[in-house]
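Heads up, the thing below is written out as structure tokens.
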Amino acid sequence: MPVRIRLSRGGAKKRPFYRIVVADSRRARDGKFIDQVGTYNPMLPKDSPDRVKIDVEKAKDWMAKGAQPSDRVTLFLSNLGAVDKPIITEKTKKHLPKKKTQERLAAAKEKEEAAKAPAEAPAPAEAPAEEEAPAEAEAPAPAEAPEEEEAPADEKKTK
């Protein structure tokens, strides 16, 4: 009889709660099981100690008898130090854009960089002394402009 250590779902709709059980692999997910080894509550924060509770001794005993843990249970047991951490295979690339879309994005980035490069190039070419002189000349001009703006505001208040 092929025995697995796996999750059995419980809890309400949109409020999952799992029991970690030892069950015949041919049985239904939430069906009859041989032994309960622990619990898993994904609704709790990841750093909570109550999120995953496993009786490690029971789990090791069942593995010694030939029970195979599921992928998720293997991760839980590896975090507790009961088994070696599984090798995670390379992820698929289906979520990435297609080849033509990647080419378009690359072309768009090149155009943006080309537009930024000429705008940035003249600024470093100018001498720092030249940049300071126009800044000083422009400083008095804005001071005069607010005075002109304040005068019409006063006129509006008097009317």
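Residue numbering for the sequence shown follows the numbering used here, starting at 2 and increasing by one per position. Even glycine gets a Cβ: it sits at the ideal position worked out from N, Cα and C. Given the structure is predicted, the values throughout are model-derived calculations rather than measurements.
Coil, strand or helix - residue i by DSSP
{"i": "T75", "result": "helix"}
{"i": "P70", "result": "strand"}
{"i": "A24", "result": "strand"}
{"i": "R30", "result": "coil"}
{"i": "R16", "result": "strand"}
{"i": "K54", "result": "strand"}
{"i": "L45", "result": "coil"}
Straight-line gap, residue i to residue j (C-alpha atoms, nearest Å)
{"i": "W63", "j": "G12", "result": "26 Å"}
{"i": "K47", "j": "K59", "result": "24 Å"}
{"i": "G82", "j": "A109", "result": "49 Å"}
{"i": "D72", "j": "E91", "result": "15 Å"}
{"i": "K33", "j": "Q103", "result": "50 Å"}
{"i": "G67", "j": "V38", "result": "15 Å"}
{"i": "A144", "j": "L97", "result": "The predicted position of A144 is uncertain, since its pLDDT is 49 and thus under 50; a value taken from the coordinates is nonetheless stated next. Cα-Cα distance, rounded: 54 Å."}
{"i": "A138", "j": "A107", "result": "Unreliable positioning characterises A138 in this predicted model, as indicated by a pLDDT of 48, which lies under 50. The coordinate reading is nonetheless provided below. About 43 Å."}
{"i": "M2", "j": "P70", "result": "15 Å"}
{"i": "T40", "j": "K117", "result": "56 Å"}
Nonlocal neighbours in the same chain, by C-beta distance under 6 Å from residue i, ignoring five residues either side
{"i": "S79", "result": "K86"}
Span of the alpha helix (DSSP H) around residue i
{"i": "D62", "result": "57 to 65"}
Residue j beta carbon less than 8 Å from that of residue i
{"i": "V53", "j": "S26", "result": "no"}
{"i": "D36", "j": "V57", "result": "no"}
{"i": "V74", "j": "R28", "result": "no"}
Neighbourhood of residue i by C-beta distance below 8 Å, restricted to the same chain and skipping five residues each side
{"i": "L45", "result": "D51, R52"}
{"i": "D31", "result": "S9, R10, G11"}
{"i": "K15", "result": "none"}
{"i": "V84", "result": "M64, P70, T75, L78"}
Limits of the unbroken beta strand (DSSP E) element including residue i
{"i": "A83", "result": "Neither: A83 is in no beta strand (DSSP E) and is coded neither H nor E."}
{"i": "L8", "result": "4 to 13"}
{"i": "D36", "result": "36 to 41"}
Contacting residues, own chain, Cβ-Cβ under 7 Å from residue i (five flanking each side not counted)
{"i": "N42", "result": "F18, D51, R52"}
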